[in-house]
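Notes follow the structure.
There are 4 protein chains.
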Amino acid sequence: MAGTRRTPTQERSRRTVERIVDAGAAVLAESGYHQASTNRIAEAAGVSPGTLYGYFADKDEIVAAVIERVVDGFAEAVAPALRAAAGRPVEEATRLVLDAVLAGVEARADLIEAFVDRVPAERYAPRVDALRDRVSDVSYHLVAASLPSAAPADLERSVWLAVRTVEHLTVRYALGRPPIPRDAFLDDLATMIVGLAPTGPPAP
Amino acid sequence: MAGTRRTPTQERSRRTVERIVDAGAAVLAESGYHQASTNRIAEAAGVSPGTLYGYFADKDEIVAAVIERVVDGFAEAVAPALRAAAGRPVEEATRLVLDAVLAGVEARADLIEAFVDRVPAERYAPRVDALRDRVSDVSYHLVAASLPSAAPADLERSVWLAVRTVEHLTVRYALGRPPIPRDAFLDDLATMIVGLAPTGPPAP
Amino acid sequence: MAGTRRTPTQERSRRTVERIVDAGAAVLAESGYHQASTNRIAEAAGVSPGTLYGYFADKDEIVAAVIERVVDGFAEAVAPALRAAAGRPVEEATRLVLDAVLAGVEARADLIEAFVDRVPAERYAPRVDALRDRVSDVSYHLVAASLPSAAPADLERSVWLAVRTVEHLTVRYALGRPPIPRDAFLDDLATMIVGLAPTGPPAP
Amino acid sequence: MAGTRRTPTQERSRRTVERIVDAGAAVLAESGYHQASTNRIAEAAGVSPGTLYGYFADKDEIVAAVIERVVDGFAEAVAPALRAAAGRPVEEATRLVLDAVLAGVEARADLIEAFVDRVPAERYAPRVDALRDRVSDVSYHLVAASLPSAAPADLERSVWLAVRTVEHLTVRYALGRPPIPRDAFLDDLATMIVGLAPTGPPAP
DNA sequence: TATGAATGAGGATTCATTCAT
DNA sequence: CATGAATGAATCCTCATTCAT
Numbered sequence: 001m002a003g004t005r006r007t008p009t010q011e012r013s014r015r016t017v018e019r020i021v022d023a024g025a026a027v028l029a030e031s032g033y034h035q036a037s038t039n040r041i042a043e044a045a046g047v048s049p050g051t052l053y054g055y056f057a058d059k060d061e062i063v064a065a066v067i068e069r070v071v072d073g074f075a076e077a078v079a080p081a082l083r084a085a086a087g088r089p090v091e092e093a094t095r096l097v098l099d100a101v102l103a104g105v106e107a108r109a110d111l112i113e114a115f116v117d118r119v120p121a122e123r124y125a126p127r128v129d130a131l132r133d134r135v136s137d138v139s140y141h142l143v144a145a146s147l148p149s150a151a152p153a154d155l156e157r158s159v160w161l162a163v164r165t166v167e168h169l170t171v172r173y174a175l176g177r178p179p180i181p182r183d184a185f186l187d188d189l190a191t192m193i194v195g196l197a198p199t200g201p202p203a204p
Numbered sequence: 205m206a207g208t209r210r211t212p213t214q215e216r217s218r219r220t221v222e223r224i225v226d227a228g229a230a231v232l233a234e235s236g237y238h239q240a241s242t243n244r245i246a247e248a249a250g251v252s253p254g255t256l257y258g259y260f261a262d263k264d265e266i267v268a269a270v271i272e273r274v275v276d277g278f279a280e281a282v283a284p285a286l287r288a289a290a291g292r293p294v295e296e297a298t299r300l301v302l303d304a305v306l307a308g309v310e311a312r313a314d315l316i317e318a319f320v321d322r323v324p325a326e327r328y329a330p331r332v333d334a335l336r337d338r339v340s341d342v343s344y345h346l347v348a349a350s351l352p353s354a355a356p357a358d359l360e361r362s363v364w365l366a367v368r369t370v371e372h373l374t375v376r377y378a379l380g381r382p383p384i385p386r387d388a389f390l391d392d393l394a395t396m397i398v399g400l401a402p403t404g405p406p407a408p
Numbered sequence: 409m410a411g412t413r414r415t416p417t418q419e420r421s422r423r424t425v426e427r428i429v430d431a432g433a434a435v436l437a438e439s440g441y442h443q444a445s446t447n448r449i450a451e452a453a454g455v456s457p458g459t460l461y462g463y464f465a466d467k468d469e470i471v472a473a474v475i476e477r478v479v480d481g482f483a484e485a486v487a488p489a490l491r492a493a494a495g496r497p498v499e500e501a502t503r504l505v506l507d508a509v510l511a512g513v514e515a516r517a518d519l520i521e522a523f524v525d526r527v528p529a530e531r532y533a534p535r536v537d538a539l540r541d542r543v544s545d546v547s548y549h550l551v552a553a554s555l556p557s558a559a560p561a562d563l564e565r566s567v568w569l570a571v572r573t574v575e576h577l578t579v580r581y582a583l584g585r586p587p588i589p590r591d592a593f594l595d596d597l598a599t600m601i602v603g604l605a606p607t608g609p610p611a612p
Numbered sequence: 613m614a615g616t617r618r619t620p621t622q623e624r625s626r627r628t629v630e631r632i633v634d635a636g637a638a639v640l641a642e643s644g645y646h647q648a649s650t651n652r653i654a655e656a657a658g659v660s661p662g663t664l665y666g667y668f669a670d671k672d673e674i675v676a677a678v679i680e681r682v683v684d685g686f687a688e689a690v691a692p693a694l695r696a697a698a699g700r701p702v703e704e705a706t707r708l709v710l711d712a713v714l715a716g717v718e719a720r721a722d723l724i725e726a727f728v729d730r731v732p733a734e735r736y737a738p739r740v741d742a743l744r745d746r747v748s749d750v751s752y753h754l755v756a757a758s759l760p761s762a763a764p765a766d767l768e769r770s771v772w773l774a775v776r777t778v779e780h781l782t783v784r785y786a787l788g789r790p791p792i793p794r795d796a797f798l799d800d801l802a803t804m805i806v807g808l809a810p811t812g813p814p815a816p
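Chains as they are written, first to last, in the numbering used here: chain W, 1 to 204; chain R, 205 to 408; chain A, 409 to 612; chain F, 613 to 816.
In structure tokens form, the structure reads like this:
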């Protein structure tokens, strides 16, 4: 990505980059941003410090690669549920997606915990913001489609609240392991989200 | 006691500590955890590095003092609303408290932003956890009083979700300044929270 | 000089700065700019690397302090001769000053050699340029006083040539130690310089 | 020989070396000795670092090749004037040569500036010393021929002063671009040089 | 021969902390 | 108690050079 850095063309270098990002993730997870020195990452990757700088311009670029991988993996994991939800009734669709979201978070709990608790947000916020924006856009269109008469401002507000709520609660549920059954958690979360729809619940 | 001139030494010490914590807050807010060196804090406080170590064992103790102050200030700011809410109908009480919570966050937005975005959570989580626990306890008892028939597990779950949701959304609303009117935000948030209350009889 | 650096106020720190500049000069003289690492300078000064950065913002500031000292010492050494030359006949005055200049260079031959041969000029040129400008100004006024009818452009040209010639030849004579008697060298140099004085009326 | 197609390998090598030296000159000129890393030179030459080390033992050998080229080019450029000057009257010959010298310097101003200002002299002094020695030898014989009665020591002294003066002033004139007309500069320089001749100017 | 990935010692610099005054 | 000079381990990063392919 950066200027004069090597772009992995050979098979060997691709594996090296892989090892560095793996090592970056591991060291970040166990030591936090500050203790994760480039030398330690290099050592964990089994390469020399110089090699590391052949592929990444600086420490933050390694961190960026790790978060990139987490975010991309999460997005991929949730995509099928988003497609499956299309056309389903709101409650069912919501539940389906929330399930996938929570599963996607749980699958990356270690790294997410490392970032959330041990890396200053400014280091990775841009990447997470980008994902959140994408998710918000999709959500907006989904909701707008099923509530054509709602005012845009109301829709935006609902989406803002829903996206933030889901993001935070799934992460905290996955990391905090509170004594709450998974299903009950998802049910309640779905209820909260559905209840946010601008016009309120349909009359009985 | 007022008017008498005494304990000059202790009084002076108190002011010195005050200045150091002020400086710590300022430097933390503008530079983040890592760039906030003890030397810079000392300089901003107008004391020598040595003096700083006369009052605090290490850098993290200064950070702890700052977060302590934020948390205590917040708790004090919210307390009156909590007392005023007692005995009111649920919706009104909720709205009252949420208003105070958001105001409490907004009043400390600068420092909260500094911590949330620029300080690794591990540095301040214990103190925030303690406050959250207190708030959760109070909330549990409030809800339990108005829903005597609800199962404890359902209550705990609702409280967990409600507290986390309020915490996160008020902070993000205050920091992110989204284009959402304050009242609409609080209305929606109140609806979410109230909607969480367990309704049916305890599951068999 | 630089921002947050310590300004030596106590006697102790003044001595420390002195030791660092001494060490900088010594290491520079024996190893050149590139091999003169800050750690080596610190070691030679008998202080820790950190101490060095308490007084100098970076390596170049140390180099600047060394050249500053060389230049200031030289200027001081030549000043008396400049004053003594005032009012003397041109030949005598020239010879007097040239003698002092060569002596000033010889007294600092080691350091001058280090800079000229082992430090890239960009590191110290500004300081030397400033001195040369001062010398050129003084020279211009001296010559203008004794040749009131000369055209300014001619005077400037002569001064430019003379100053550059004296600078270079005295340095190379002092450093190269060619088999030329000191007096003969100075006589010839004086002849060259005096011969440069514009003679005829200003060009039409 | 021209027109035949052969020695393909050696021809390719020659071009590769050429490209490396070109690149070395360019990188040296724009970055100075220290910043001119072998990797950057290799990249600028369009070859791999490994290839570079197939032709040059180390970085300094590349620098040497660049200065060699500068010096050789200069010597070639001045040679015709030296031949043309033979047999001419001293003043005319001097002026002729000085003109060629200045032109030779001006034609290489960029690289000369790079070396003079950004490369420690120890890296290239030997090669320049060799040229200066050659020029001094030639000068000695020229002067000795026209002043057969002069003492060798006097001749040597004059040549030492003249060569150094011409070298320095032409370089500084070419690099510094002072507001001095080229002709006036050369006239004055010629006067200085001619005036150095051991017996003084011929009686009128 | 050419490649380019890899090396690793070494450099400049920072900063939490100590301690003589 | 306060000072501020001093510390030195640790950090990020560079670059001349090597070597398997």
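Don't be surprised by glycine CBs; every beta carbon is placed ideally from N, CA and C.
{"query": "Determine the DSSP secondary structure at PHE278(R), reduced to helix, strand or coil.", "result": "helix"}
{"query": "Excluding the 5 residues flanking PRO408(R) on each side, which residues of the same chain have their C-beta closer than 8 Å to its C-beta?", "result": "Reliability of the predicted coordinates at PRO408(R) is poor, the pLDDT of 45 falling under 50, and no value is obtained from them."}
{"query": "Helix, strand or coil for THR242(R), going by three-state DSSP, please let me know.", "result": "helix"}
{"query": "Closer than 7 Å by C-beta to ALA75(W): which residues in its own chain qualify, once you throw out the five before and the five after it? Chain order, please.", "result": "LEU131"}
{"query": "For the alpha helix (DSSP H) holding ARG413(A), just list the boundary residues, first then last.", "result": "Premise fails: ARG413(A) is in no alpha helix (DSSP H) and is neither H nor E."}
{"query": "Just to check my reading of the structure: ARG739(F) and ALA809(F) have Cβ atoms closer than 8 Å, yes? What is that Cβ distance to the nearest angstrom?", "result": "ARG739(F) to ALA809(F), Cβ: 29 Å. No contact."}
{"query": "DSSP three-state call for ARG681(F): helix, strand or coil?", "result": "helix"}
{"query": "Please tell me whether SER350(R) and VAL294(R) are closer than 8 Å, where the distance is taken between their beta carbons.", "result": "yes"}
{"query": "When you check each C-beta in the stretch 643-662 of chain F against every C-beta of chain A, which residues fall closer than 9 Å?", "result": "GLY644, TYR645, HIS646"}
{"query": "Compare the C-beta of ALA533(A) against all C-beta atoms of chain F and say whether one is closer than 8 Å.", "result": "yes"}
{"query": "Along chain W, in chain order, which residues have C-beta atoms closer than 7 Å to that of ARG368(R)?", "result": "HIS168, LEU169, ARG172"}
{"query": "Distance, Cα to Cα, VAL194(W) vs VAL163(W)?", "result": "12 Å"}
{"query": "Drop a sphere of 10 angstroms on the beta-carbon of SER566(A), count the other beta-carbons inside from all chains shown, and report buried for 16 or more, exposed for fewer.", "result": "buried"}
{"query": "Does the count of Cβ pairs from the stretch 422-433 of chain A and the stretch 456-472 of chain A closer than 8 Å reach three?", "result": "yes"}
{"query": "State the Cα-Cα distance for the pair GLU779(F) and PRO589(A), rounded to the nearest angstrom.", "result": "22 Å"}
{"query": "Are there 16 or more other CB atoms within 10 angstroms of the CB of GLY644(F), so buried, or fewer, so exposed?", "result": "buried"}
{"query": "With 8 Å as the threshold, decide whether the Cβ of ALA529(A) is near any Cβ in chain F.", "result": "yes"}
{"query": "Counting contacts by CB-CB distance shorter than 8 Å, is ILE520(A) in contact with chain F?", "result": "no"}
{"query": "Whose CA, out of ALA494(A), LEU490(A), GLU514(A), lies closest to the CA of VAL505(A)?", "result": "LEU490(A)"}
{"query": "Relative to the alpha-carbon of ARG585(A), which residue among ASP518(A), GLU564(A), PRO556(A) has its alpha-carbon at the smallest distance?", "result": "ASP518(A)"}
{"query": "Report the option in GLU156(W), SER149(W), PHE115(W) whose CA atom is closest to the CA atom of ASP133(W).", "result": "GLU156(W)"}
{"query": "Would you say ARG338(R) reaches chain W, if we count a Cβ-Cβ gap shorter than 8 Å as a contact?", "result": "no"}
{"query": "Between ARG413(A), HIS442(A), LEU460(A), SER445(A), which has its C-alpha nearest GLU426(A)'s C-alpha?", "result": "LEU460(A)"}
{"query": "With a threshold of 8 Å on Cβ separation, who are the neighbours of GLY393(R) within its own chain once the five nearest residues in sequence on each side are excluded?", "result": "Looking at the sequence itself, residue 393(R) is Leu, so the reference to Gly does not match. Within the same chain, LEU393(R) has close Cβ partners LEU302, THR369, VAL370, LEU373, THR374."}
{"query": "Measuring CA to CA, which of GLN418(A), ILE520(A), VAL455(A), VAL486(A) is closest to GLU438(A)?", "result": "ILE520(A)"}
{"query": "Please name the residue in ALA511(A), ARG516(A), ALA452(A), ARG531(A) whose C-alpha comes closest to that of VAL478(A).", "result": "ARG516(A)"}
{"query": "Which whole-angstrom value describes the C-beta separation of ARG413(A) and TYR463(A), a residue pair presumed to lie in contact below a C-beta threshold of 8 Å?", "result": "6 Å"}
{"query": "Could you tell me if ARG580(A) is buried or exposed, where buried requires 16 or more neighbouring beta carbons within 10 angstroms of its beta carbon?", "result": "buried"}
{"query": "Please report whether the beta-carbon of ILE588(A) lies at a distance below 8 Å from any beta-carbon of chain F.", "result": "yes"}
{"query": "Determine the direct distance from the alpha carbon of ILE428(A) to that of ALA325(R), and round the result to whole angstroms.", "result": "42 Å"}
{"query": "Could you check the C-alpha separation between ILE679(F) and ALA561(A) for me, to the nearest Å?", "result": "36 Å"}
{"query": "Name the chain W residues that come within less than 7 Å of LEU400(R), Cβ to Cβ?", "result": "ASP188, MET192"}
{"query": "For SER751(F), count neighbouring Cβ atoms within 10 angstroms of its own Cβ and tell me buried if that reaches 16, exposed if not.", "result": "buried"}
{"query": "Evaluate ARG216(R) with the Cβ neighbour count: other Cβ atoms within 10 Å of its Cβ, from every protein chain shown; 16 or more gives buried, anything less gives exposed.", "result": "exposed"}
{"query": "Counting along the chain, where does the alpha helix (DSSP H) carrying ALA529(A) start and finish?", "result": "No alpha helix (DSSP H) contains ALA529(A), which DSSP labels as neither H nor E."}
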